[in-house]
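Residues 528 to 954 (the numbering used here) make up the sequence shown, in order. To start, the structure under review is shown below, and the notes come after it.
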Amino acid sequence: MSGTYIEPAPYKKGEINPFDSMMIRFNAAAKLYKLDDGLYNYLKHPVKSVIISIPVVMDNGKLEVFEGYRVIHDIILGPSKGGIRYAPDVDLDEMKALASWMSWKCAIANIPFGGAKGGIRCDPSKLSNSELEKLTRRYTSALLEVFGPDTDIPAPDMNTNEQVMAWIMDTYSMHARKTVTGVVTGKPTIIGGSRGRHEATGRGVMIATLAALEKKGIKPSETTCAIQGFGNVGSISAKLLSEKGVKIVAISDVSGGYYNKNGIDIQKALEYVKKNRVLEGVSFGDKITNEELLECDAYILVPAAKEDQITALNAKKIKARLIVEGANGPTAAEADQILSDKGIMVIPDILANSGGVIVSYFEWVQDRIGYFWDEDDVNNRLKRMMTEAFENVYRTAMKYDTSLRIGAYIYAIDKVSQVLKLRGIYG
Ligand code: NAD
C-alpha cells in the first residue's frame, strides 16, 4: 500500500488551485457587493485548519502513516458542517476551498450551519475494509475536540459512505460514553440517518434543473442531458431527471462514457453499476471519453464527478445551454467568462448540489428531537427549500446584473456578513 505520506502532486503549470478558483469568485462577488474590507478579510480565511498524522497497522502487519485534514471555514451561522473525502490528491488547499464552499452553500440554503471539510490522503481502492475502519476510527479520535453535534458535523463526500459515517458516530460515542447520533449525517437510517438522504443531492440537482428549465420556458420532455460521473450524485440525478421526462443521452464514470442519441436506459445502467461498480463492460451506446462527454450534443450538462473538468481549454467547445454543477468546483474560474459569453446558464455548485446538506440538516434535526419523518415529508421540505434557494439566487443575480454563480456568492456573503455584524466580533 502506498499510503505513507503520499506527496500531493504539485499543481502543474496551467492547472488550477481549487482555493484560488474559489477566491476569484469570492473576490468578484465581494467587489460587486462592496463588502467592507474588514469583513472581507474575516471571511477569506478559515477559522481553523487541522492537519493530523494517522498511523494504521495494515493487514500485512506493517505500520503506515496517512495525513488527514479538517478545515473549518466559519461558525457564524452555527456549528460547521461538511463532508469527509478519501482520495490520493486530498490536500490543504482543496480542503480550504471545499470548506468555504460549504459556508456559502449553507447560507444559500438558509440552514444554520457554517462550513467545514475534511479528508484523508489515501487510495481507498487499495485499502481493505478493516484498514478503512481503523483509518476512520483513528482519524475520528484525533478530532474528538473538533467534532460534535453542537460544534462540527461531518458527512460523506467522495469515497466515504454510510458505513464510514457509522464508524465515526460509533468512535465518537464510545469516547462520549453515550450514543451521539447527531455528530455525523449521512448515516444508515437504522442508526439515525434520515430517509431520503441517500438520494438528496441528486434530487436537489433535479429540482434545480427543472427550476432553470422553467425560467427558460422549456419542458423537461423537450430536453436532453449528459451526465459526467455515475456515483451517488450522477446516477441519482440521471434516474430522477429521466423520471421527469428528460432524455439522458450521455453518461460516464472513471472508466469512460457512452453517448446514445435515442436515450440511455438509466435503470439498466443503475443495475449494472450496482453489480460491477463501473460502467465499463457493457454497451449503453457509442463509447466516448469523459472529455467528449463534456462537449457532446445535449441541452443540459451535469458534471457530477470532480473538480476542474470545464476549463479555458474546453469551455469554448461546450454545446450545452444549461450546466448544472452536481460536483463541487467542476468549472474552473477561468472558464466562467467563456461560458457567460456563449450565453450558457450555469447553476453553480453551491446552489445545485445543496440538496445533500439540506437533508443532512434534516437528519441533524431529527437526531436531536429523536423523531423521524417519512420520506415524503423529507422530499417535500427539500423541494420547498431548494426552490426558495434557487429563487433567492436568481433574484440576487438579476439585481446585481451578474451570473447565477456570482449572484449565489453575493446572497451568501450578504447573509453571513449580516449575521456577523449582529453577533459582533468577540474580543
Ligand atoms: P462518488 O464517489 O459516489 O461518485 C463519483 C463518480 O465520479 C464515480 O462514478 C466515479 O467513477 C466518477 N469519476 C471519478 N473520477 C472521474 C473522472 N476523472 N472522470 C469522470 N468520472 C469520474 O461521489 P459523489 O458523492 O457522487 O460525489 C461526486 C461529486 O459531487 C463530488 O465533487 C462531491 O464533492 C460532490 N457532492 C457530493 C454530495 C453527496 O451527497 N454525495 C453532495 C454535494 C456535492
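For glycine and all other residues, C-beta sits at the position ideal for the given N, C-alpha and C. Note that the structure is a prediction, hence the values are computed from the model and not measured.
Would you mind working out which of the options sits nearest residue i, comparing C-alpha positions?
i, options, result
"K948", "M550, Y567, K558, F553", "Y567"
"V732", "G756, I763, D941, T750", "I763"
"T929", "D547, K833, V884, A557", "A557"
"P615", "R648, N817, V574", "R648"
"A753", "N688, C633, R804, P830", "P830"
"M872", "A842, D835, W900, Y898", "A842"
"D618", "E689, F593, E818", "F593"
"A483", "Y898, A854, M685, E689", "For the chain, the structure presents residues 528 to 954; residue 483 sits outside this window and is missing."
"G951", "F757, T663, R911, G565", "G565"
"K774", "I793, G783, G758", "I793"
"I551", "D904, D679, W628, G595", "W628"
"E770", "E822, G646, P747, L654", "P747"
"P683", "H725, A669, V707", "H725"
"D620", "Y596, S607, G642, C633", "Y596"
"G609", "L559, T678, N554", "T678"
"F553", "K589, K571, D563", "K571"
"M912", "E834, G641, K632", "K632"
"P639", "Y569, A738, P606, V711", "P606"
"N789", "T751, S887, S630, K801", "T751"
"T706", "Y569, R895, F757", "R895"
"L820", "G642, A669, N787", "N787"
Grab me the residues of residue i's own chain with a C-beta within less than 6 Å of its C-beta, minus the 5 sequence neighbours each way, in chain order.
i, result
"N919", "Y938"
"T687", "I611, Y613"
"K623", "F546, P573, V598"
"R665", "I581"
"E861", "A839"
"K942", "A634"
"G883", "A727, T728"
"G723", "V886, E902, V905, N906"
"L654", "none"
By Cβ distance below 8 Å, which residues in the same chain neighbour residue i in space, the five residues on each side in sequence not counted?
i, result
"I667", "Here the sequence assigns Thr to residue 667, which means Ile is not the residue at that position. For T667, where only same-chain residues beyond five positions count, the Cβ hits under 8 Å are F674, W694, I695, T698, Y699."
"Y785", "A777, I778, S779, I791, L806, S810, F811, G812, D813, K814, I815"
"V946", "I603, L604"
"I850", "I827, L828, V829, P830, I837, T858, L866, I871, M872, V873, I874"
"Q690", "P715"
"Y927", "L559, Y560, I933, G934, I937"
"K661", "V583, V584"
"E822", "N841, K844, I845, K846"
"G954", "none"
Should residue i be labelled buried (16 or more other beta-carbon atoms within 10 Å of its own) or exposed?
i, result
"S881", "buried"
"S944", "buried"
"I717", "exposed"
"H600", "buried"
"G530", "Caution is warranted here: a pLDDT of 48 is assigned to G530, below 50, making its placement in the model unreliable, and no coordinate value can be reported."
"G744", "exposed"
"K644", "buried"
"D868", "exposed"
"N803", "exposed"
"M925", "exposed"
"D903", "exposed"
"R730", "buried"
"Y936", "buried"
"Q864", "exposed"
"L671", "exposed"
"R932", "buried"
"E852", "buried"
"I680", "buried"
"N759", "buried"
"G709", "buried"
"V584", "exposed"
"S652", "exposed"
"E915", "exposed"
"S782", "exposed"
"D824", "exposed"
"E749", "exposed"
"D901", "exposed"
"G719", "buried"
Which same chain residues, not among the five before or five after residue i, have their C-beta less than 7 Å away from its C-beta?
i, result
"L797", "S762, K766"
"M701", "none"
"S657", "D586"
"Y532", "Because Y532 sits at a pLDDT of 48, beneath the cut-off of 50, its placement in the model cannot be relied upon, and the following sentence gives the value as read from the coordinates. Within the same chain, Y532 has close Cβ partners V592, E594."
"A735", "V851, I874, L878, A879, M913, F917"
What I want to know is whether the C-beta of residue i ends up closer than 7 Å to one or more non-hydrogen atoms of the ligand FMN.
i, result
"D616", "Of the ligands one can find in the structure shown, namely the ligand NAD, none is the ligand FMN."
Alpha helix (DSSP H) runs contained entirely in the stretch 755–833, provided each spans 4 or more residues: 759–770, 793–803, 817–821
Determine contact between the stretch 569–586 and the stretch 890–909, defined as no fewer than three beta-carbon pairs at a distance below 8 Å. no
Please give the ranges of any alpha helix (DSSP H) in the stretch 871–904, keeping only runs that are unbroken, at least 4 residues long and fully inside the region. 876–879, 882–896
Quick check for students: name the residue ranges of the beta strand (DSSP E) that lie wholly in the stretch 598–668, counting only runs of 3 or more. 607–614, 641–648
Which runs of the alpha helix (DSSP H) at least 4 residues long sit entirely within the stretch 543–599? Give them in chain order. 545–560, 564–571
Can you list, in chain order, the stretches of the beta strand (DSSP E) that have 3 or more residues and sit fully within the stretch 832–868? 849–851
At what residue ranges does the stretch 678–726 contain a whole run of the beta strand (DSSP E), taking only runs of 3 or more? 679–683
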